Ligand code: F1P
């Protein structure tokens, strides 16, 4: 059986090879508000963490929050992220934020979509459009393109090897043994964990959790069994290594993504975030296949939610 999701993960290096065609940049003089729903919100969350760490002013809200509430942080520029350009909350958020006087920039994979009609400026990445319901390669590209607006990094050169290693290592995991997936990480890695949990939930309908690593001992660890797979996006701290020892001591399996983990990722001071998504997306795809589900069109989901 042929699945688009796999093609869309495997074409990530080709997408990243186009990054130098874009020269979006953030300014330290401006206040940014990132807005999106689902995976697109998670891009905003990861961006907000890395922007703040590098001295930029940024906040993040879901499209739903902007649509429903008036406590919206004072900002100069709103960046509205939506792959399909059609999520109602994000489109209505663009309208509301532009009425409040913010400059609106839409980031989408869909030409002539509703978001492009609503925003003052648009970055349309139609070559990242996907056939599958779930965002994979488009997520990685949008995140890398936005991060290049802070600091330029060469993602392409690392991506092929990470994809190859991810497939090799995940193909050798006995995935049928695991029915509980726990994603752990700090700061931008917390956002990556949130997105990882969403992938396993959307594509493979698994029971998922995400936490900051040291928070895991404060309650959630009670649910750990030998059917748990813990995915740690690590910054290489000794406290994270000790946590993994505890987790493995309790009989669960750990998959560490770090400079010296099971899947090796370069240290780019957080800017490696797009590369960390590759193993996680592939894990979601493989678990869906192992469960006998179609990863291209998961149960109860549509490509964008229209209210
Ligand atoms: C956002 C989104 C997707 C999700 C789901 C519904 O879409 O939440 O991330 O997988 O199928 O829509 P978009 O606004 O980025 O097009």
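Numbering (the working numbering), first residue to last: 3 to 309. Heads up, the beta-carbon is just placed ideally off N, CA and C, and yes, glycines get one too. Treat the numbers as computed from the prediction; the structure is a model and nothing was measured.
Any non-hydrogen atom of ligand 1 closer than 8 Å to residue 106 Cβ: By one-based count along the chain shown, residue 106 stands at place 104. No, the Cβ of residue 106 stays beyond 8 Å of every heavy atom of ligand 1.
Cα-Cα separation, residue 32 to residue 283: Position 30 of the chain shown, counting from 1, holds the residue named residue 32. Position 281 of the chain shown, counting from 1, holds the residue named residue 283. When rounded, the distance between both Cα atoms is 33 Å.
Cβ distance (whole Å) where residue 47 is taken to contact residue 62 below 8 Å: Residue mapping note: residue 47 aligns to position 45 of the chain shown, counting from 1. Residue mapping note: residue 62 aligns to position 60 of the chain shown, counting from 1. At roughly 5 Å, the Cβ-Cβ gap stays under 8 Å, so residue 47 and residue 62 are in contact.
7 Å CB neighbourhood of residue 269 in its chain, flanking five on each side removed: Walking along the chain shown from the start, residue 269 turns up at place 267. Cβ-Cβ distances below 7 Å link residue 269 to 261 in the same chain, with the five nearest sequence neighbours on each side left out; the list follows chain order.
Reduced DSSP category for residue 41 - H, G, I as helix; E, B as strand; rest coil: Translated into the one-based positions of the chain shown, residue 41 becomes position 39. The three-state reading of DSSP puts residue 41 in helix, counting H, G and I together.
Cβ-heavy atom distance, residue 333 to ligand 1, below 8 Å: Lying outside 3 to 309, the shown extent of the chain, residue 333 is not represented and no answer is given.
Sub-9 Å separation of residue 1 and residue 258 beta-carbons: Because the chain in this structure spans residues 3 to 309, residue 1 falls outside the shown range and cannot be described.
CA-to-CA distance, residue 237 to residue 190, given in whole angstroms: Your numbering for residue 190 matches position 188 in the chain shown. Your numbering for residue 237 matches position 235 in the chain shown. If I take the Cα positions, the gap works out to 10 Å.
Test: residue 287 CB closer than 9 Å to a CB of chain B: The question asks about chain B, but that chain is absent: this structure has only one protein chain.
Range covered by the beta strand (DSSP E) that runs through residue 230: As a position in the chain shown, residue 230 is number 228, starting the count at 1. Segment 230-235, the beta strand (DSSP E) holding residue 230.
Nearest neighbour of residue 249, chosen from 219, 106, 204 [CA to CA]: In the chain shown, counting from the first residue as 1, residue 249 sits at position 247. Per the Cα distances, 219.
Contact test: residue 135 Cβ vs ligand 1 heavy atom, cutoff 8 Å: Within the chain shown, residue 135 is the residue found at index 133, counting from 1. Yes, the Cβ of residue 135 comes within 8 Å of a heavy atom of ligand 1.
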